[in-house]
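Here the structure comes first, spelled out in structure tokens, and everything after it is commentary.
2 protein chains.
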Amino acid sequence: MSVKHSTQHKILDAAQTLFAETGFTDTSLRQITSMAEVNLASVNYHFGSKKELIQAVLQRYLVVLMPRLDQEFTRLLAVQQPNSLSQVLSVFVKPLLELNKVHQNGARIFLQLLGRGYTDVQGHLRWFFNHNYGRVLDKLVLLVQQACPDLPPSELFWRLHFSLGTVVFTMASNEALAEIAEADFNEKVDIEGVILRLLPYLSAAIAAPVATVTPLSHAVPKMASEGI
Amino acid sequence: MSVKHSTQHKILDAAQTLFAETGFTDTSLRQITSMAEVNLASVNYHFGSKKELIQAVLQRYLVVLMPRLDQEFTRLLAVQQPNSLSQVLSVFVKPLLELNKVHQNGARIFLQLLGRGYTDVQGHLRWFFNHNYGRVLDKLVLLVQQACPDLPPSELFWRLHFSLGTVVFTMASNEALAEIAEADFNEKVDIEGVILRLLPYLSAAIAAPVATVTPLSHAVPKMASEGI
DNA sequence: TTTAAATTCAAACGTACATTTCAAACATGC
DNA sequence: GCATGTTTGAAATGTACGTTTGAATTTAAA
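Okay, here's the thing in structure tokens:
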């Protein structure tokens, strides 16, 4: 790509790679500065602390992705008749893939980092995320609600979080899965291929019929004295 | 519960709680031994190392869960006509809930730990898991294959891992989600309630129609010179 | 009660970490 | 060319970690 990278740029590039691969706490500043070929102290000089470096790494993608998503959501909300669920979910694809312009494999790396941010406890990351971009996601909830008018709000809440888990976990273990898929099925699957496979899965899942409430405890035999 | 706990027992109890909450690497032996009110050195005395403690924590549940699952899978495989997908998935429920006999909230804690084990890189955990219980899960794949005969094997591979992500991530953030659900929808949801909501979601997802392969790159405008 | 093994305990060890320090190198405007 | 502000460099600081040690204590068998 470019011949000259600033120290900050080199740090961010090395950091995102190592963070995505090994997680935030399992990656040391020494690994990062060594891969970036810069001095150890430069991280604290340019970013203040490791915590702020983590946020800077995520910000590079969020500042590109979130306005794009917001724009798409707003466009869909302006349409007269409600959109289908698959239409709603599809708007994620282009903005995500455009992260590849921010950095090579940007889409994959960003989603991996997102997964790390949610599973590594790191309280400050959730706060950082919700505080800055919470209201964008409110529009998504509204859209899904319009697409699935029969879904009770609480059920929708759970299913959206189920779906977040699907995406985030898949991306976190993306490399391992892609390796197995290639070894076992001779299929070379990139990030685009994974997203393509996720869409029908998530569409069907979110729109699934709501279960009739059958308390499972009945399946476990009770004491005879409890009968009738 | 019981009045007298052995040191090993106290260590395991404290360790599983902290591991589930904060992850393996973000939990120190000093935190564990302090919560367990035992001496720091007793971990290495009883378990050898932190790595072996992690495996011991998981083993307590796996030795109960896996034989039960194996038994259920074998039973379903013996049936003449193939089982429905929802029948197959339902066999997880009872064995999982029976982990609550191993320890209070055992089912939730085990699933949280499973999530940690898959996202914290910890290579030794994946090896440990696949090496000991790999062939049990092969039966599951076979059952799902019978329930969804039209699903190509590679698609099934991806969807099972999507589903693993759904479950594991949901359980990892279970506490936070349950709190929100109670605050926003006045719904008290326990682990059984979550599993009940997961089943129809996963059934619909795994059995979703396979997408017709439309390369998404077409959505991104190409150079004019590339047109026919 | 004696004795030997098992367990607990306080302390220390060595290592890796994030962060700080301060002098050297570099760039930039005058 | 000099002065000033910015960035880099090598070294040190203090903290937290997993693990080890050896003596003290408890346990249980003889």
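Chains as they are written, first to last, in our numbering: chain A, 1 to 228; chain B, 1001 to 1228.
Cβ atoms here follow ideal geometry from the backbone N, Cα and C, with glycine treated the same way.
| Sufficient close CB pairs (3 or more, under 8 Å) joining the stretch 82 to 93 of chain A to the stretch 197 to 205 of chain A | yes
| By a C-beta neighbour count over all protein chains shown, 10 Å radius and 16 as the cutoff for buried, is B/Gln1081 buried or exposed? | Numbered from 1 along the second sequence, position 81 holds the residue referred to as residue 1081 of chain B. B/Gln1081 is exposed by the Cβ-count criterion.
| said: Checking 8 Å against the spacing of the C-beta atoms, do B/Ile1054 and B/Ile1032 come in under that value? | reply: Here residue 1054 of chain B refers to the residue found at position 54 of the second sequence. Here residue 1032 of chain B refers to the residue found at position 32 of the second sequence. Cβ atoms of B/Ile1054 and B/Ile1032: not closer than 8 Å.
| Extent of the continuous alpha helix (DSSP H) run through A/Phe19 | By 1-based counting over the first sequence, the position of residue 19 of chain A is 19. That run of the alpha helix (DSSP H) goes Thr7 to Thr22.
| query | What in chain A is Cβ-close to B/Val1168, meaning under 8 Å? | reply | To locate residue 1168 of chain B, count along the second sequence from 1; it is residue 168. Gly165 and Phe169, listed in chain order.
| field | C-alpha gap between A/Ser173 and A/Gln112, whole angstroms | value | By 1-based counting over the first sequence, the position of residue 173 of chain A is 173. By 1-based counting over the first sequence, the position of residue 112 of chain A is 112. Computed Cα separation, rounded: 8 Å.
| request: Locate the alpha helix (DSSP H) running through B/Asn1100, then write down its first and last residues. | output: As a position in the second sequence, residue 1100 of chain B is number 100, starting the count at 1. Run containing B/Asn1100: Leu1099 to Val1102, per the alpha helix (DSSP H) assignment.
| query | Hey, B/Thr1017 and B/Ser1042 are a contact pair by Cβ (cut 8 Å); roughly how many whole angstroms apart? | reply | Mapped onto the second sequence, residue 1017 of chain B falls at position 17. Mapped onto the second sequence, residue 1042 of chain B falls at position 42. No, B/Thr1017 and B/Ser1042 are not in contact; Cβ-Cβ is about 17 Å, not under 8 Å.
| request: Drop a sphere of 10 angstroms on the beta-carbon of B/Asp1138, count the other beta-carbons inside from all chains shown, and report buried for 16 or more, exposed for fewer. | output: Taking the first residue of the second sequence as position 1, residue 1138 of chain B is located at position 138. It is exposed - the Cβ of B/Asp1138 has fewer than 16 other Cβ atoms within 10 Å.
| said: Taking 8 Å as the threshold (beta carbon to beta carbon), is A/Trp127 in contact with chain B? | reply: Within the first sequence, the letter at position 127 stands for residue 127 of chain A. So, not an interface residue.
| CB contact below 8 Å: A/Thr25 versus chain B | Residue mapping note: residue 25 of chain A aligns to position 25 of the first sequence, counting from 1. Closer than 8 Å to some Cβ of chain B, the Cβ of A/Thr25 qualifies, so yes.
| query | How many Å lie between A/His5 and B/Glu1187 at the Cα? | reply | Within the first sequence, the letter at position 5 stands for residue 5 of chain A. Within the second sequence, the letter at position 187 stands for residue 1187 of chain B. Cα to Cα, the separation comes out at about 53 Å.
| message | Please tell me whether A/Tyr133 has its Cβ less than 8 Å away from any Cβ of chain B. | response | As a position in the first sequence, residue 133 of chain A is number 133, starting the count at 1. Not closer than 8 Å to any Cβ of chain B, the Cβ of A/Tyr133 fails to qualify, so no.
| Where does B/Phe1172 sit, in a helix, a strand or coil, going by DSSP? | For the purposes of this step, residue 1172 of chain B is taken as residue 172 along the second sequence, with counting starting at 1. Rather than Phe, the amino acid found at residue 1172 of chain B in this sequence is Ala. Residue state, collapsed to three classes: helix.
| said: Quick check: the Cα distance between B/Phe1019 and A/Arg30, rounded to an integer number of angstroms? | reply: Along the second sequence, one-based indexing puts residue 1019 of chain B at 19. Along the first sequence, one-based indexing puts residue 30 of chain A at 30. If you take the alpha carbons of B/Phe1019 and A/Arg30, they lie about 26 Å apart.
| So does the stretch 1141 to 1153 of chain B actually touch the stretch 163 to 182 of chain A, counting three or more Cβ pairs closer than 8 Å? | no
| query | Between A/Ala15 and the rest of its own chain, which residues show a CB-CB distance below 7 Å, the 5 nearest in sequence each way excluded? | reply | In the first sequence, the residue the question calls residue 15 of chain A occupies position 15. Counting only Cβ-Cβ distances below 7 Å, and skipping sequence neighbours, we find Ile32, Leu53 and Val57.
| request: Select from B/Leu1196, B/Leu1164 and B/Ala1211 the residue whose C-alpha is nearest the C-alpha of B/Leu1097. | output: In the second sequence, residue 1097 of chain B corresponds to position 97, counting from 1. Considering only alpha carbons, the answer is B/Leu1196.
| CA-to-CA distance, B/Phe1185 to A/Ser154, given in whole angstroms | Within the first sequence, the letter at position 154 stands for residue 154 of chain A. Within the second sequence, the letter at position 185 stands for residue 1185 of chain B. The straight-line gap from Cα to Cα measures roughly 6 Å.
| Alpha-carbon to alpha-carbon, A/His46 and A/Val38 | Translated into positions along the first sequence, residue 38 of chain A becomes position 38. Translated into positions along the first sequence, residue 46 of chain A becomes position 46. Distance between the alpha carbons of A/Val38 and A/His46 is about 12 Å.
| query | Just how far apart, CA to CA, sit A/Ser49 and B/Gly1117? | reply | Along the first sequence, read from residue 1 onward, the residue named residue 49 of chain A stands at position 49. Along the second sequence, read from residue 1 onward, the residue named residue 1117 of chain B stands at position 117. Their backbone Cα atoms lie some 28 Å apart in a straight line.
| request: Please classify A/Ile180: is it buried, with 16 or more other beta-carbons within 10 angstroms of its beta-carbon, or exposed? | output: Start at 1 with the first residue of the first sequence, and residue 180 of chain A comes out as number 180. Per the 10 Å Cβ criterion, exposed.
| field | Contact with chain B by A/Phe19, beta-carbon distance below 8 Å | value | Locating residue 19 of chain A in the first sequence gives position 19, where the first residue counts as 1. Judged by the 8 Å Cβ criterion, A/Phe19 is not in contact with chain B.
| Which residues of chain B have a Cβ atom closer than 8 Å to the Cβ of A/Val210, listed in chain order? | What you label residue 210 of chain A is simply residue 210 of the first sequence in a count that begins at 1. Ordered by position in chain B, the residues that pass the 8 Å Cβ test against A/Val210 are Pro1200.
| DSSP on B/Leu1040, reduced to helix/strand/coil? | Taking the second sequence and counting its residues from 1, the one referred to as residue 1040 of chain B is at position 40. Correct three-state label for B/Leu1040: coil.
| request: In angstroms with no decimal places, state the Cα-to-Cα distance between B/Gln1104 and B/Leu1062. | output: For the purposes of this step, residue 1104 of chain B is identified with residue 104 of the second sequence, where counting begins at 1. For the purposes of this step, residue 1062 of chain B is identified with residue 62 of the second sequence, where counting begins at 1. Taking the straight line joining both Cα atoms gives about 16 Å.
| query | Since B/Asn1203 meets chain A, which of its residues come closer than 8 Å, beta carbon to beta carbon? | reply | Position 203 of the second sequence holds residue 1203 of chain B. The question names Asn, but residue 1203 of chain B in the sequence shown is Ser. Per Cβ cutoff of 8 Å: Ala208.
| message | So with CB distances below 8 Å, who are the chain B contacts of A/Gly115? | response | As a working note, residue 115 of chain A is residue 115 in the first sequence. Those are Thr1119, listed as they occur along chain B.
| query | Near A/Gly165, which residues of its chain fall below 6 Å by C-beta distance, leaving aside the five closest residues on each side in sequence? | reply | Taking the first residue of the first sequence as 1, we reach residue 165 of chain A at position 165. Hits under 6 Å: none found.
| Can you tell me where the alpha helix (DSSP H) with B/Val1079 in it begins and where it stops? | Residue numbering aside, residue 1079 of chain B sits at position 79 when the second sequence is read from its first letter. Note, B/Val1079: premise wrong, no alpha helix (DSSP H); not H, not E.
| Span of the alpha helix (DSSP H), counted from its first residue to its last, around A/Val91 | Walking along the first sequence from the start, residue 91 of chain A turns up at place 91. Neither: A/Val91 is in no alpha helix (DSSP H) and is coded neither H nor E.
| query | How is the alpha helix (DSSP H) around B/Pro1152 delimited, first residue to last? | reply | Counting from one through the second sequence, the residue named residue 1152 of chain B turns up at place 152. First-last for B/Pro1152: undefined, no H or E at that position.
| task | Taking B/Val1189 and B/Thr1170 to be in contact with their CB atoms under 8 Å, please state how far apart those CB atoms are, rounded to whole angstroms. | result | Taking the first residue of the second sequence as 1, we reach residue 1189 of chain B at position 189. Taking the first residue of the second sequence as 1, we reach residue 1170 of chain B at position 170. Not confirmed; about 11 Å, so no contact.
| task | Give the residues of chain B in contact with A/Ala183, contact being defined as C-beta atoms less than 9 Å apart. | result | Translated into positions along the first sequence, residue 183 of chain A becomes position 183. The premise fails here: A/Ala183 is roughly 11 Å from chain B at the closest Cβ pair, so nothing lies under 9 Å.
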